[in-house]
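Below is one structure, written out as structure tokens, with a few remarks after it.
In my numbering, the protein residues as written are 1240 to 1374.
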């Protein structure tokens, strides 16, 4: 790996990329609150919550006690309702929990080296593959 590439891996992602991802996440959250959400909006929230959790475990950011458990609960409730009714939405309580996650995740973008973001994404892929095998 050349020096330039190595340096990029040790630094946080560019501000432009971080802002684009953040905007997509926050728009998905708002769409789910409005009741106009679709499964892909929900999946984006799941991904953001998982990555934020993995990054906290790795020491990038701090979450209040129980935040990720609360997020898992509301995401499972939304998934269940979305599958049953095809209405992918968050209520106000769910919205505030996921907004807290996204706020944390936004700060993580500016302190986490790219290599750690890649590791967290790989971990999510492995987690999803294992979950798919169990079905």
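Glycine residues also receive a C-beta, built at the ideal position from the N, C-alpha and C atoms.
Quiz item: Using DSSP with H/G/I as helix, E/B as strand and the rest coil, what is residue 1276?
Solution: strand
Quiz item: Going by Cα to Cα distance, which pick from 1344, 1372 and 1363 is closest to residue 1251?
Solution: 1344
Practice problem: Grab the span of the alpha helix (DSSP H) containing residue 1309 for me, first residue to last. | Solution: 1306-1324
Quiz item: Is it true that the CB of residue 1348 sits closer than 8 angstroms to the CB of residue 1257?
Solution: yes
Exercise. Look at residue 1263 and residue 1327 and say whether their C-beta atoms are less than 8 angstroms apart.
Key: no
Quiz item: Using a Cβ-Cβ distance under 8 angstroms, would residue 1330 count as near chain C?
Solution: The structure shown contains no chain C, having only a single protein chain.
Exercise. Taking residue 1358 as part of the alpha helix (DSSP H), name the residues at either end of that continuous run.
Key: 1353-1373
Quiz item: Would the beta-carbon of residue 1268 fall within 8 angstroms of that of residue 1341?
Solution: yes
Quiz item: Taking C-beta to C-beta, are residue 1295 and residue 1363 nearer than 8 angstroms?
Solution: no
Quiz item: By the 10 Å Cβ neighbour count, where 16 or more other Cβ atoms means buried, how is residue 1351 classified, buried or exposed?
Solution: buried
Quiz item: Where do the N-terminal and C-terminal ends of the alpha helix (DSSP H) with residue 1348 fall, by residue?
Solution: 1331-1350
Exercise. Report back the beta-carbon spacing between residue 1292 and residue 1313 to the nearest angstrom; my notes put them in contact at under 8 angstroms.
Key: Going by Cβ atoms, the distance from residue 1292 to residue 1313 rounds to 14 angstroms, so no, they are not a contact pair.
Exercise. Under 8 angstroms Cβ to Cβ from residue 1355, same chain only, skipping five residues before and after it: list those, please.
Key: 1294, 1297 and 1299
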